[in-house]
Each structure stands twice: as C-alpha cells, then as structure tokens.
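First up is the structure itself, then whatever we jot down about it.
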Amino acid sequence: MKETEVKKHRYGMVIDLDKCTGCGTCMVACASENNVTVRADESDKQRSIAWIQLYKINNGEKFPKTQTCFFPRPCMHCEEDGNGGHHPPCVSVCPATATTLDENTGIVSQIYTRCIGCRYCQAACPYHARYFNWWDGYSYFKPFPDGMERSLSPDVSPRMRGVVEKCTFCHHRLMRAKEIAHAQGRTEIEEGEYIPACAEACPAQAITFGDLNNPKHKVSELIKSPNAFRLLERLNTKPKVYYLSSKEWVRRLADNYLPGEPVRGIND
Amino acid sequence: MDSKDNKIAERMGINRRNFIKLVVGGAIGTTLSPLPWKITDDIAIFTQNLPWVPVPPAGEYSYAGSLCTLCPGGCGIKVRKVDERAVKIEGRTDYPVNPGGICPLGMGGLQLLYNENARFTGPMKRTGERGAGSFQSISWDEAMNILADRISGLKAGELAAIDGNLKGSTMSVVIERFLNSLGSSDYIKMQSSQETMDIAANLLTGTRGSVGYDLENSDYILSLGSGLLEGWGSPARVINAWSIWRSDELKGRVKVVQIEPRASNTASRADKWLPAVPGTETALVLGMAHVIIKEGLYNRDFIDNFSFGFYDFETAYGSYRRGFKTLVLEDYSPERVADITGLEENEIESTARDFASASAPVAVCGRGKGALYGSLYESMAVLALNALVGGINRAGGIFINDPLPLADLPDLPTNTSTGSDLKNGRIDMAGSRSYPFSQSLFNNLADSILEGNESPIDMLLVFSANPAFTAPNCGKLRKALEKIPFIVSFSPLRDETSMMADLILPDHIYLEKTDDMICPSGLQYPLYGLSRPVVKPLYNTRNSGDVMIDLAGKIGGTAGDAFPWKNFEDVVKHRVKGLYDAGDGLTDFDGVTPPWGTAGSIASPGYSSFDEMWEKLVKNGLWYRHLDRGRNIETIFNTKSGKFEFFSSIIESALKDIDVKILGKNASNDDICMPHFEDISPEGNDSFPLMMYPCELINLASGWIPNPPYLNKTLFDDQLKKDNSFVDINPDTAAEYALKQGDSIIIESPAGRVQALVNLFEGAMPGIVFMPLGFGHSAYDDFLRGKGANPNEIIYGKIDPLSGQNIWWKTPVRVTKL
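Chains as they are written, first to last, in the working numbering: chain A, 1 to 268; chain B, 269 to 1086.
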C-alpha cells in the first residue's frame, strides 16, 4: 500500500454514560437491524447473542448510597493488538482471514462465509464482543417462533451454525449511505448520514457516532473531554469506542486499577 | 482368493512397488487436476447455503409512518418495509412526542406482529375444558352469530366489559356506547395512575381533563416513585427530557430528586435519592409543604389570588374551617415526617427549600410505569405542592388541560332497552354513594362476582387487556372469571385471559389497524394521535371497532340505532371533525419547533377543508396545539370558588353522601377535604414480617402486551436465570433469614405464594422484597411461558381512602428458603 493511501476515515462511537439510562433499546434495535437470533432461554448468556451488550455495574456502597450504572458494549473496533501490532487482537489470530481491519473506515469486519468456526478470535477478544453460533438461529427447523423469519432484513445475511459474529458498526448502513451519496454525485458522506442502528434508536441520545479523523465531527470534540475513557485502556488495543462519565467510580471500574491508584483519563 | 485371481494380479503386475506407484501417481495427478479444489469449493458453498437457513428476499424499500399504541405513551414510529414485509421499527424525528427515539418495547414490536405462535390467526371457539386452551377455528359469520344470539338473550345488567384501550380513545368510546345502548353500565377500565391523578385534578381544580407535566422546561423534578427511566408516561419522551437535563448546556442546572425505596435506574441516575418508606410519600410532600409555608417560600401571588382554602375560613353557616396552611403547620413538622418516612429531618428541609427556590420546579407522581392506580390523597398532595410554588399551568410546571375538542357522538336513542341497568349502579360500585369520585374500580369487580352464588354478569367482553395476568391479586380475579358463564376475548394475542375465554374474536395487532390516542400519558400539551395500518392484516383477524359496529347492527334495536356508521373509521372521522371545527391545531411537526418550546412562531394550521385536514392527519398521524402558556390562569379553574382549591368543595359537598368508613380512621371532617396523610399500610405481623414491593423494569413489558423475545436479551443475570426470576433483597435483611445469592425461596402472602431466586442488592431498602412485574406468564409460547414469578399473584393490600382503588405497593409477606 502506498504512503498516500493512509486511512481516510476512522469511524468511532462515544457513549455518554451520564445520559445512558440502561433502557436496552440499543440492544433491541441492533438485534432487529442485524437479524440477530433469539433463543427461548436468553438467560444463558454463554449461548445468547448480543452484538451490543448492556452491562450493569454498581458502586458497591451500602443502602442508601448505592448507585448503578450501565455500560453498553458494542465491538470496540480496536486498532492494535496491544503489543504494538497494527491488527486488533481478533484479526491477528484469525487463520481464515475472516476478520480484518478496514484501513479506509477503521471498521473491523466479519465475513461469515470465510469463518471456519475455530473461535480463536472469541478467545482473543478482551471485550467478549464476539459470539459463536451454536445453532442455525434462523432456520425452518424449530429454534425460532413460526413466522418470525418474515421480519428478517435483506441487508444482513442470517448466520448459519458454526460461525462467529459480532457488531459491524452497521456496515451495511455505510454502504447504503455511500450509494445514496454516489447517486447524488458526491464522493463523501456527511456527518449523520451514516450512523448505526443503536445510535439512531437511543432515546437518551447517549450514543454519538462519527469520523474520529474528522475534527469537525462531534465525536472528535467529545473525546477531548476530561471525562472520556475507553474500556481496558491499558491493554493498548486502541478501541474506537469511547465512554464519558463524570463519576470516578465508573471510570475506575472500566480498567484494572490497583487499589488506591488514581484514575486516569485518556488525555492524561 | 482363488488361483484365477492370482493369475490376473500377476499379469497386471500389482505388487508392492506398483501399488505405491499407482497411489503416489494418482495423488499427484488428482492434486494437479481441478477436482480437489472444485470439491472443497463446492463443500464450502454448500455449507454456506444450508437450505434451511433462510435468505431474506430483497425488494423495494419504503417507510410507513404511524403511531405506537403499545402503551399510553403515543410515540411516533416509522416502519421500514421491503415490499410488503415490515423489517424494522424506528422512531420518527417528525413527531413531537419522541424526537427520534423509542423504547425497547416499541423497538421489538415486529416480534408481536410476526410471531404466529403467540397470536390468534382467526376466530375460535372453546372446545375443551375452560382454561385448557383448546380451541377450534370457526368462521367470522359463525362467531358473530354466537355472540349476537347470546347478547340478545341477556337480561339487563348481565353484560359487562373490561377495556384496556386508552381513556378517551375512539375504541373505548365505541365499547362503552355499545354497552350503554344495551342498557349496561358495567364498562370497566383497566387501572392507571393517570386515572387517579385526573380524579385529584378534578377535585382540586374542577377540570375533567388530563394532567401533563412540563418536564422539558423544568429545572427541579421531584418524583414520587415515578419510574421516569422505567417507562413512566411516554418512555421515549421522558428519557429524551432526561437527556435534555443532562445536556452540556444545562449540565448541573437541572436537579432530579427521586423518592423510592429501591436504587432503580431512576434513583441511581437522579441527583438525589430519598428512600422514603413506601406509602409515606404523602407525608413527605406535606412535610415539604410545611417547610415551604413556614419559611414563607411559597408563591404569594398564586396563593392570594388564585387559591382557596389555604388560610382558615368561615363557611356561610358561620362555622370555622381549618385551611391547608394550618393543617400542614400543625400536623406535618419535619420532625414528625422524618419519623413517618424514615428520612433525615435536614434532608426534608433542604429538599423543600431547593424545590421552592428553583425557578421551574415540578412534582410528579404515579408509581413505576404508572400502569396501576395511584393514591388519591398523594396525587392531591402533589398538586397542592405544585400549586404552592405557583406551578400550575406555568412553564416547567403542571398543566391541567381541557379535554380535546373532539366531536361528541350523538346522544343515545332515548327509548333505551328493556329495564335499563344504567340506574341500578355499576358492578364495581364506582360512582356510587361509597365511591363517588371514581369512574371505574377494577379491584371491586372480583369481589362483586365472587360474593353471591351466581355471577351477576352472564357475559364479559375483554378488549386489549389481560387482567388474568396484570391485575393485582390476579388469582382472585381468575376465580371470578371462572364463575362468569361466558367470556369473549377480542385479544389478538394468546394471553392468559384469552385462554379462559369461550369465544375468541381476534383484533388486528397494532401495526395492522386504525386506532387513535387522546393525550398521551403525562404529556403537557394537547395531542391527538392517529395510527394507521403499516402492513396488510396477516391473518383472518378484524378490527374490533368494526366488529362492534357490525354486531350492533346484527342485534338491532337500540344497539343498532346507536351505531349509524358504516365502520370504525367513520366514527373516528366523526370525532375528528370536532378538531377541525376548533379551527386551530397543527397536523405536521417540522422536527425543530417543539410544542413545549419557547422559540419560534407557531405555524398556521395549513389546511382549509376537513378533507384536507383528514388527509394530513392520516399522513402525519397527529393533531396538536402548542403549549398554551398565554391561557389566562383565571379561567382554568372550574371549582365553586373559581380558584385552585386546597380545600376541595367538591369533596365537601359530596361528604354528606360518603360512607365515612372508607375514609380512614384518622380523618376529621376538615382533613377529608384536603390532601393529608393516612397511614394505610397493612399491619405487618409475626407471620408476615416483610413487605413485598412490585417494581417495574423498562426492558420487561408488564402490561397486556407481553415481552417480545428480543427484550429477553436485555434482561440481566440478576433478573432471570432459566425459568426463575430474581427478587432484590438487602444483604442485611437476607442475612437475618440466612439467604445467600441465588438461593431459591418461597414468598408467601395472605393471597398466595410464588417461588423466586434471591439477588442480594445493596440498593434495596431493608425489610422489603422487590419483585419485578412482567414475569410469570403461563400462556403464549416457549419464549414467554413459565419464566419467573408474577408478583400480582400475591399482592394483597388495603383500599385507598376516598378513591376506593386498591393499594398494590405494600404486601405483607414471609420468605422461606427452599
């Protein structure tokens, strides 16, 4: 690749945990947008699939000082493997080249038809963002209620058993936005023309999405906040999903801090 | 091997060397040929095209706009379609209620539409035993004949209906009219806290409209157990308001105070959490009023010019009456209130001062999602607190709106039926001498039916409701339902109540039908929402409105005369004509000028004929007015005094008829007319030492609409595990009963027993077992059935004074480890 063809876009997400109310609309929007499967027993979290998973934490204080906070966790779309390698942890272990980091968008892809189901990537991902299909989720055999396949979107192919899947930042929406821009004779898409389903659906407007390489995009501004941080920052995987929280105990739980160690922001 | 074979082998020279040559040569040859690559490729392609993995058909994309009617929130939705298939629901940015967002239930709506296992696909009649759930498909003609014949044979008063449609909606008007035209007044609405608030507003302001809260403009929100982030009011709207409060522009300037016994989402995200003992919120509000009055922080202009009953007064007969000020100052000192509520005295005082000194404070009430009754005196106290700071029909306060200017339906023909039941009073005793202010008393229904040997009603119609699951103490209600000889369900879903029915006449599901909504719950400005079908009906179902009109025609007589319309849509049109005649009101929203905003000029209606307006209404799904801040406050009170009445003259004049027994033991005559605190908690005793508090979760549907499977994904590890749901218990309380995380327990009340798992949660008030509402279905399909326990099964409470509504938030229980 030539020097001039450096990354043009780095799509990223900022989730404001002060605004997030933990309603779960992002999870439902994501599942509905991306044909994610549902099983009768969704409480079995080792088998259920959620591209964006809501986690609940609390400050551990006694009544009535207790507080809970929610972490929506999509794929982090990491940029490095943590050891200086320019591949996300999942990409560097995939023997089938089924997952790659797109240099032009910063999106970590997942190609189901290439995946051989070895699940190395699942083991390598520090964020548990990858899920394995133990069954054909949408099949005409029975794991799914009758008639439900009618709500499947043709934008995203339903997965078969034996492959790994994960959040794609609704890559098909980027494709669609580009097609529309192209039809209108534009080569670039504007801010807001491409946002994932979760960001669009959030009733609290807690999720902001945009190009981190573009200083005019709101996300570029937001990540400069002293309240900004990333999950497991110290693994050095360089995630493109940022969080904002004004609460120190929330930021502390986002990384493996030693007792008494001061909490650092990304700008420190 | 015989000798002949050996000879052949010899002739071919198959020995060790040649064999190896053959194998190696064959291997090299095959590798060089395209065969292995072709086979690998074919296998790969085959496994990627497993014939049983569906390929969603592509097609033309389109969006259909409508209104979500799954809850009283009334959010705008647009449905993405691929040809005729609906594939995704999204929020509308051109709808003022919910700018862009929707709640998880609304987002999962397609799973209600397309889940064939959870829906009725056509009319059915019962074949097996009652409740066994075995039905046989019949034609609509047969179903209508069965129904019409049975109704024609009924005596007056033997027909009743339970209706879960929204108050004032055309569907609910049609159902009530149908009953009235047959001489029955037993039209029973499902519960809601808005109902209680609207009664309170009527008692204090004389207006029978709806109460809305101007949350977006408020800078201090005092919430009495309202689950602002749990689905209260219009969930997407309230959560959007929350994000406005937390926006960079307002950060730190808007305060939210949550009063609730558990660290819910709302309590955790609030600026201040005050865990008052459940049921004592009224005392807390009056304690705050005490501080505000004592320190002179109240709005003198409003109190002196627009209120009555604040100061002590003398009646026309010369008797001396105690006013609200004296009541509050004498009875609700912070010291006493601290004692009642379990809060610190200085917390009560500082909250009161902050509330009064905020520029636009508002107090809201309605527990949890507001889907069940509230407490009448609590609602009155909340109105009084808002009035104290002048927050009635003022930006950022409470708005008491007149009813929408919908056209009335023509009066019922006067020659009504044989021996009208209308005079005999209702089966639930609402509006009777004992309960003069309530319009429906859902909780009395079961008692009245169970009382005698035979059920007083012969036939029950159930619309958009699942009382066998959602009614507090639903076990008792199910017993009552069993006693009713004939039940007709109009539910599109295979819910618990339908399973007990004799005849099923399935309605369309919300995305397939025309429906409307009058003033979404808690909305501060007047809005009429119209929902339109976004997909063609999938099955052999019919809009219940059309069914009722056809049925009336079939029965004929007074019923037939009462419905001169061709179909349901004509009734909607008839009513909407009133909106057109009102002359103002907008039918589109530009996404920029919110109806509650202060900026921007108000556009002109933009229609010049009714047909034009109807067209726009159908297209955009709404009619609304901007927040009427200019409205003269002198004209909004329709009380005897023409003012806001801290001392309700409506109650006073009704007092001579009221059976004082229901008023509670502590009330004096003066107090009865004013907001005051009555200790109505059930006495905990040795056999039931703990309390059970049902809590509501935003991602668990607890009303007549069940949880779509996608929502099960959002439940946490400490909410559901396989077929068991969890209850939150404080670790200290759990320790007293030697309970550990994940222990299986039986929770038992005087009404029944359920089983659940223990979740130790520091955010739970000690001494209380918190049970989520929405688990424990016994109907529907594998995705819903048999998961967790339903707290409604064990709810056992007293009656709310004055309103006669049931108290569901405090049930004495005991727990036993399994």
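Just so it is clear, CB atoms sit at the ideal spot from N, CA and C, and this is done for glycine as well.
Any chain A beta carbon closer than 8 Å to residue i
i                       : result
residue 686 of chain B  : Confidence in residue 686 of chain B is poor, its pLDDT being 42 and thus under 50, which makes the residue's placement too unreliable to answer from.
residue 384 of chain B  : yes
residue 990 of chain B  : yes
residue 497 of chain B  : yes
residue 504 of chain B  : yes
residue 862 of chain B  : no
residue 1103 of chain B : This structure cannot speak to residue 1103 of chain B, because chain B is shown only from 269 to 1086.
residue 366 of chain B  : yes
residue 801 of chain B  : no
Bounding residues of the alpha helix (DSSP H) (the contiguous stretch that carries residue i)
i                      : result
residue 746 of chain B : 742–751
residue 839 of chain B : 836–850
residue 175 of chain A : 171–183
residue 828 of chain B : 825–830
residue 298 of chain B : 284–300
residue 233 of chain B : Nothing can be reported for residue 233 of chain B, as the shown portion of chain B is limited to 269 through 1086.
residue 122 of chain A : 120–124
Proximity test, Cβ basis, 8 Å: residue i and chain B
i                      : result
residue 244 of chain A : no
residue 154 of chain A : yes
residue 151 of chain A : yes
residue 196 of chain A : no
residue 218 of chain A : no
residue 200 of chain A : yes
residue 229 of chain A : no
residue 248 of chain A : no
residue 3 of chain A   : Legend: pLDDT at residue 3 of chain A = 46, less than 50; position of this residue unreliable, no value from coordinates given.
Under 8 Å between C-beta atoms of residue i and residue j
i                       : j                      : result
residue 881 of chain B  : residue 855 of chain B : yes
residue 357 of chain B  : residue 377 of chain B : yes
residue 846 of chain B  : residue 873 of chain B : no
residue 341 of chain B  : residue 460 of chain B : no
residue 444 of chain B  : residue 455 of chain B : yes
residue 405 of chain B  : residue 395 of chain B : no
residue 1081 of chain B : residue 958 of chain B : yes
residue 808 of chain B  : residue 764 of chain B : no
residue 495 of chain B  : residue 346 of chain B : no
residue 889 of chain B  : residue 471 of chain B : no
residue 531 of chain B  : residue 68 of chain A  : yes
residue 492 of chain B  : residue 632 of chain B : yes
residue 677 of chain B  : residue 794 of chain B : no
residue 127 of chain A  : residue 231 of chain A : yes
residue 978 of chain B  : residue 526 of chain B : no
residue 839 of chain B  : residue 813 of chain B : yes
residue 700 of chain B  : residue 730 of chain B : no
For residue i, the first and last residue of its enclosing beta strand (DSSP E)
i                      : result
residue 540 of chain B : 540–542
residue 213 of chain A : Counting along the chain, residue 213 of chain A falls outside any beta strand (DSSP E), and DSSP gives it neither H nor E.
residue 999 of chain B : Run containing residue 999 of chain B: none in the beta strand (DSSP E); it sits in the alpha helix (DSSP H), 999–1004.
residue 648 of chain B : Note, residue 648 of chain B: premise wrong, no beta strand (DSSP E); alpha helix (DSSP H) at 644–656.
Residues of the region 1032–1053 of chain B in Cβ contact with chain D at a cutoff of 8 Å, in chain order, please. The structure shown has no chain D; the protein chains it does contain are A and B.
Decide if the region 769–781 of chain B is in contact with the region 992–1012 of chain B; the criterion is three or more beta carbon pairs, one per stretch, under 8 Å apart. no
Within 7 Å of chain B by C-beta, residues of the region 37–50 of chain A in sequence order: 38, 40, 41, 42, 43, 45, 48, 50
Check each residue of the region 530–552 of chain B: if its Cβ is closer than 7 Å to any Cβ of chain A, include it; give the result in chain order. 531, 533, 536, 537, 541, 543
Touching or not, the region 784–794 of chain B and the region 470–481 of chain B, by the rule of three or more beta carbon pairs under 8 Å? yes
Could you list the residues in the region 8–33 of chain A with a C-beta less than 9 Å from some C-beta on chain B, going in chain order? 16, 18, 19, 20, 21, 22, 23, 24, 25, 26, 27, 28, 29, 31, 32, 33
Cβ pair count under 8 Å reaching 3, the region 712–730 of chain B against the region 427–435 of chain B: yes
Give me the subset of the region 966–987 of chain B whose CB atoms are less than 9 Å from a CB atom of chain A, sorted by chain position. 966, 967, 976, 977, 978, 979, 980, 981, 982, 983, 984, 985, 986, 987
Which residues, in order along the region 179–192 of chain A, keep a beta-carbon less than 9 Å from a beta-carbon of chain B? none
Spell out a yes or no on whether the region 1037–1051 of chain B and the region 379–387 of chain B are touching, meaning 3 or more CB-CB pairs, one atom from each, closer than 8 Å. yes
Mind listing which residues of the region 636–647 of chain B have their C-beta closer than 7 Å to chain A's C-betas, in chain order? none
Would you list, in chain order, the members of the region 154–168 of chain A that have their beta-carbon closer than 7 Å to a beta-carbon of chain B? 154, 158, 160
Does the region 569–580 of chain B come close enough to the region 654–663 of chain B that 3 or more CB-CB pairs lie under 8 Å? yes
Flag this pair as touching only if the region 321–328 of chain B and the region 156–164 of chain A have three or more C-beta atom pairs under 8 Å; answer yes or no. yes
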